[in-house]
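Colleague:
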Amino acid sequence: MQMKKVISVILSFILVFFVAINSISIFAQTSQDKTQEITYKWNTGGGTQGYYNPNDRNNKQIHLKFLLIFKGYKDGQLTDNHKQLDTRALTIGSTTPARNEVRTDIMLDEDGKPYKDCEIYDVKLPLSNENSIYSIETEKYGKNFTSYLKQNMQTKTTSKLVDNAIILPSDKDNMPVRFTVTKRNETENIKNNNVEISRIINFKAGNLDIWDDDEKTDSSFKKAIEESQLVLFDRTGVRVNDYVLKAEFYGPKKDELNKRYSLKMEGNDLEGFTLSLSSKVKKKEKVQETEVDFDTIYEDDETLELGKTKVKTEGVKGKTVKKTPYYYILENEKEVVLETKEDESTTTEIQKKVDKVILRGTKVKKTPEVKNEKPNLEVKDAKIKQGENLDLKSLITRADDKEDGPMLNDKVVIDKGLFDNTKVGKYEITFKLTNKKGLTTTKKATVTVEKNEVKKDIEFISGENQTINLNSNEKLSFRLNADVKDFVDAYVDGKVVDKSMYDLKTGSTIVEFKKDFVNELTIGKHEFKFEFKQGFAKTNVFVEKEEIKNPKNKVKKQKLPKTNIYSFSSLSLVLSFVSMAYSLKRK
Numbered sequence: 006m007q008m009k010k011v012i013s014v015i016l017s018f019i020l021v022f023f024v025a026i027n028s029i030s031i032f033a034q035t036s037q038d039k040t041q042e043i044t045y046k047w048n049t050g051g052g053t054q055g056y057y058n059p060n061d062r063n064n065k066q067i068h069l070k071f072l073l074i075f076k077g078y079k080d081g082q083l084t085d086n087h088k089q090l091d092t093r094a095l096t097i098g099s100t101t102p103a104r105n106e107v108r109t110d111i112m113l114d115e116d117g118k119p120y121k122d123c124e125i126y127d128v129k130l131p132l133s134n135e136n137s138i139y140s141i142e143t144e145k146y147g148k149n150f151t152s153y154l155k156q157n158m159q160t161k162t163t164s165k166l167v168d169n170a171i172i173l174p175s176d177k178d179n180m181p182v183r184f185t186v187t188k189r190n191e192t193e194n195i196k197n198n199n200v201e202i203s204r205i206i207n208f209k210a211g212n213l214d215i216w217d218d219d220e221k222t223d224s225s226f227k228k229a230i231e232e233s234q235l236v237l238f239d240r241t242g243v244r245v246n247d248y249v250l251k252a253e254f255y256g257p258k259k260d261e262l263n264k265r266y267s268l269k270m271e272g273n274d275l276e277g278f279t280l281s282l283s284s285k286v287k288k289k290e291k292v293q294e295t296e297v298d299f300d301t302i303y304e305d306d307e308t309l310e311l312g313k314t315k316v317k318t319e320g321v322k323g324k325t326v327k328k329t330p331y332y333y334i335l336e337n338e339k340e341v342v343l344e345t346k347e348d349e350s351t352t353t354e355i356q357k358k359v360d361k362v363i364l365r366g367t368k369v370k371k372t373p374e375v376k377n378e379k380p381n382l383e384v385k386d387a388k389i390k391q392g393e394n395l396d397l398k399s400l401i402t403r404a405d406d407k408e409d410g411p412m413l414n415d416k417v418v419i420d421k422g423l424f425d426n427t428k429v430g431k432y433e434i435t436f437k438l439t440n441k442k443g444l445t446t447t448k449k450a451t452v453t454v455e456k457n458e459v460k461k462d463i464e465f466i467s468g469e470n471q472t473i474n475l476n477s478n479e480k481l482s483f484r485l486n487a488d489v490k491d492f493v494d495a496y497v498d499g500k501v502v503d504k505s506m507y508d509l510k511t512g513s514t515i516v517e518f519k520k521d522f523v524n525e526l527t528i529g530k531h532e533f534k535f536e537f538k539q540g541f542a543k544t545n546v547f548v549e550k551e552e553i554k555n556p557k558n559k560v561k562k563q564k565l566p567k568t569n570i571y572s573f574s575s576l577s578l579v580l581s582f583v584s585m586a587y588s589l590k591r592k
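Structure, rendered in structure tokens:
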């Protein structure tokens, strides 16, 4: 029985062992299924060396930061364009590829966020400060990738000023330089997809990373390098391209900058370039001497009688020198000023001024004390239209004091209270005048702000622009759309017409001129204007000559004065005599 138990334990152990081995095998196979292999190697293209500088072969190690582009699940959602960093140390020209077996069951992006059941679908080598020349061409074999490396031109550039070159202050941060690339001994600029490769950078002394620009455009240096458009060697390591980096001023100030500065590019596409700036701008100081007037200082002297003075110290003028920096260039041996920096000028005193000191007597003779009286203050009321400005001091009609003297208007304190010239109403203004001994006189004035009414135009209902015949029986009447009680005056040719010369009737307003007045109008155009409380109405009346059929009966009429204010006493007298004679004759 004991033996059977031992055998049973042994068999159980063997069974557990095989189960464990089988589980490990299954797990290993599952893990292997959740990996992708990434291979990095130098692109020989079938050659013996590769697209790199043969002088660096097997003795130069570089560190490159590759990006594995993948898609994966997070919170049950499949998303793509995630990036996982893969840093590799590679020896240039090594024939041993660098391989990386990447687990894809769980991958972390650049921010450390995890994704499950991932798939790598691209490999990229972005440019950086550590890598500004190497690019890759990636090929996919099944689920695995092989990235081939190539060496491009070096665009890192150092800019500097030659011999402490002076840059005009207004040019600083405003000197755009355009960088392009061409092959040595050629003039045509290199293009990427028929677009010139270029970069515009404002000039400044220091390191310029020409490659570090917008990678999304065909004109980008970064895109050209990452796409292996600026390679230097072929697959055998033979130098096939020799690039030259060019620089020139760019933009609307190009001609001005070329007059003031010169650019010179030196270096090569393996080690980088140096851009030097020379300047024709010079700097000087404008020197200007100025006299400084002395001040006059009065000192009280109790030994001098009041009203008398005595010079204690004579005044002496001082001198200052002002230095103002300015910038210029020489044209035909003459200075052409470009900029003057008034804000940077300095003023130095080269001779101190000496103030003039005058002693002023304060010694007074004792006089009988005069009783102090209140100052005199008088003000007036005022009326203004709404919105009209009013100087409140103009309401002061008198301000004086027996001891302080006359014309003390400026000493009057005015309290305008709630006064507002934009609001209709009556406002009380308080005026106070206090003399040197503290006695005060207070007066009040009232300012009335009246509504500023705007008159409107009155319209004609009938009678506008009439034409009448002289000495005819035609009526001259007008009808206007205003109330007759608001009628003020009638004007002809700018003169007031006597109210006895016309009749006013209701029906809006009807103005009917009498025949005697009409017959005294001269031939031609006359302006008739009617004034109402609310506004005006005006029109023209045209008087024409009437043909007289019986000249023998023509009676010469006395012409009335041109003032349009007429007297009819003489005419009435003549008519009375004619009527009397006719009556006697009939009797």
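Counting from 6, one number per residue, gives the positions in the sequence shown under the working numbering.
The C-beta atom is built at its ideal place from N, Cα and C for all residues, glycine as well.
My guess is that V384 and F424 are in contact by the Cβ rule of under 8 angstroms, so how many angstroms apart are they, rounded?
Modeller: Not really, about 14 angstroms apart at Cβ, beyond 8 angstroms.
Colleague: Which word fits Y78, buried or exposed, when buried means at least 16 other C-beta atoms lie within 10 angstroms of its C-beta?
Modeller: The residue is exposed, with fewer than 16 neighbouring Cβ atoms inside 10 Å.
Colleague: With a 10 Å radius around its C-beta and 16 neighbouring C-beta atoms as the bar for buried, classify S137 as buried or exposed.
Modeller: Per the 10 Å Cβ criterion, buried.
Colleague: Quick check: the segment 321-329 against the segment 245-258, are at least 3 beta-carbon pairs closer than 8 angstroms?
Modeller: Taking 8 angstroms as the limit for Cβ pairs, the verdict is that the segment 321-329 does not touch the segment 245-258.
Colleague: Can you give me the Cβ contacts of E347 inside the same chain, cut-off strictly under 7 angstroms, excluding the 5 residues immediately before and after it?
Modeller: Excluding positions up to five away in sequence, the list reads T329.
Colleague: How many angstroms separate the CA atom of T352 from the CA atom of K322?
Modeller: If you take the alpha carbons of T352 and K322, they lie about 16 angstroms apart.
Colleague: Count the CB pairs spanning the segment 166-176 and the segment 283-301 that are closer than 8 angstroms, and state whether there are at least three.
Modeller: Yes, the segment 166-176 is in contact with the segment 283-301.
Colleague: Check K390 in the structure and name its three-state DSSP category.
Modeller: Looking at K390 - three-state DSSP - the assignment turns out to be strand.
Colleague: Can you tell me whether I195 is buried or exposed, with buried defined as 16 or more other CB within 10 angstroms of its CB?
Modeller: Under this definition I195 is a buried residue.
Colleague: For F522, which residues in the same chain have their Cβ closer than 6 angstroms to its Cβ, ignoring the five residues on either side in sequence?
Modeller: Closer than 6 angstroms at Cβ, skipping near neighbours: M506.
Colleague: Could you spell out the range, first to last residue, of the beta strand (DSSP E) harbouring K155?
Modeller: Segment N149 to Q156, the beta strand (DSSP E) holding K155.
Colleague: For T162, is the classification buried or exposed, using 16 other Cβ atoms within 10 angstroms of its Cβ as the cut-off for buried?
Modeller: Per the 10 Å Cβ criterion, buried.
Colleague: With burial defined as no fewer than 16 other Cβ atoms inside 10 Å of the residue's Cβ, what is the status of T402: buried or exposed?
Modeller: With fewer than 16 Cβ atoms within 10 Å of its Cβ, T402 is classed as exposed.
Colleague: On the CB-based measure, 16 or more other CB atoms within 10 Å of its CB, does A252 come out buried or exposed?
Modeller: Looking at its Cβ environment, which holds 16 or more other Cβ atoms inside 10 Å, A252 is buried.
Colleague: From K428 to I463, what distance separates their C-alpha atoms?
Modeller: Using only the alpha carbons, I get a separation of about 28 angstroms.
Colleague: Looking at the unbroken alpha helix (DSSP H) that takes in A229, where does it start and where does it end?
Modeller: Taken as a continuous stretch (DSSP letters only), the alpha helix (DSSP H) holding A229 covers F226 to E231.
Colleague: Where do the ends of the alpha helix (DSSP H) carrying E319 lie?
Modeller: Looking at the DSSP string, E319 is not in any alpha helix (DSSP H), and its letter there is neither H nor E.
Colleague: Whole-angstrom Cβ separation of L2 and F492, contact assumed at under 8 angstroms?
Modeller: It is not possible to answer for residue 2, since the shown part of the chain is limited to 6 through 592.
Colleague: Unbroken alpha helix (DSSP H) runs of length 4 or more, entirely within the segment 449-537: which are they?
Modeller: If we require 4 residues or more, the alpha helix (DSSP H) runs fully inside the segment 449-537 come out as 520-524.
Colleague: Among V502, N263, P380 and G117, which one has its Cα closest to the Cα of P181?
Modeller: When only C-alpha atoms are compared, the closest one is N263.
Colleague: Using DSSP with H/G/I as helix, E/B as strand and the rest coil, what is D217?
Modeller: Correct three-state label for D217: coil.
Colleague: Does the Cβ-Cβ distance between G117 and N63 come in under 7 angstroms?
Modeller: No, Cβ-Cβ distance for G117 and N63 is not below 7 angstroms.
Colleague: Spatial neighbours of K221 within its chain, please: C-beta separation below 8 angstroms, excluding the five flanking residues on both sides.
Modeller: If we look at K221 and ignore the five residues flanking it on each side, its Cβ neighbours are K228.
Colleague: What is the DSSP secondary structure of F32, counted as helix, strand or coil?
Modeller: Here F32 scores only 39 on pLDDT, less than 50, and its place in the model is too uncertain to base an answer on.
Colleague: Taking the CB atoms as reference points, tell me whether K315 and L395 lie closer together than 7 angstroms.
Modeller: Cβ atoms of K315 and L395: not closer than 7 angstroms.
Colleague: So what's P174 in DSSP terms, helix, strand or just coil?
Modeller: Residue state, collapsed to three classes: helix.
Colleague: Helix, strand or coil: how does DSSP classify P411 here?
Modeller: Note: P411 maps to coil in three-state DSSP.
Colleague: Please identify the residue among E142, K155 and E42 whose C-alpha is closest to the C-alpha of D61.
Modeller: Per the Cα distances, K155.
Colleague: Tell me whether the segment 302-312 and the segment 266-280 touch, counting them as touching only if at least three CB pairs, one residue from each stretch, are closer than 8 angstroms.
Modeller: These segments do not touch.
Colleague: By the three-class DSSP mapping on this structure, what secondary structure does R265 have?
Modeller: Of the three classes helix, strand and coil, the one that applies to R265 here is helix, per DSSP.
Colleague: At a cut of 8 angstroms, does the segment 94-113 reach the segment 127-135 through at least three beta carbon pairs?
Modeller: Cβ pair count under 8 angstroms is below three, so no.
Colleague: Quick check on L90: buried or exposed, where buried means 16 or more other Cβ atoms within 10 Å of its Cβ?
Modeller: Its Cβ having fewer than 16 others within 10 Å, L90 is exposed.
Colleague: Going along the chain, which residues of its own chain have a beta-carbon closer than 8 angstroms to the beta-carbon of N478, five neighbours each way excluded?
Modeller: Cβ neighbours of N478 beyond the five flanking positions: K520.
Colleague: Please name the residue, chosen from D85, E294 and Y496, that lies closest to E354 on a Cα-to-Cα basis.
Modeller: Among D85, E294 and Y496, the Cα nearest to that of E354 is on E294.
Colleague: Tell me, to the nearest whole angstrom, how far the beta carbon of L438 is from that of T446; I am working on the premise that it is less than 8 angstroms.
Modeller: That pair is a contact at about 5 angstroms.
Colleague: Would you mind reading off the limits of the beta strand (DSSP E) that contains F184?
Modeller: Element bounds for F184: P181 to K188.
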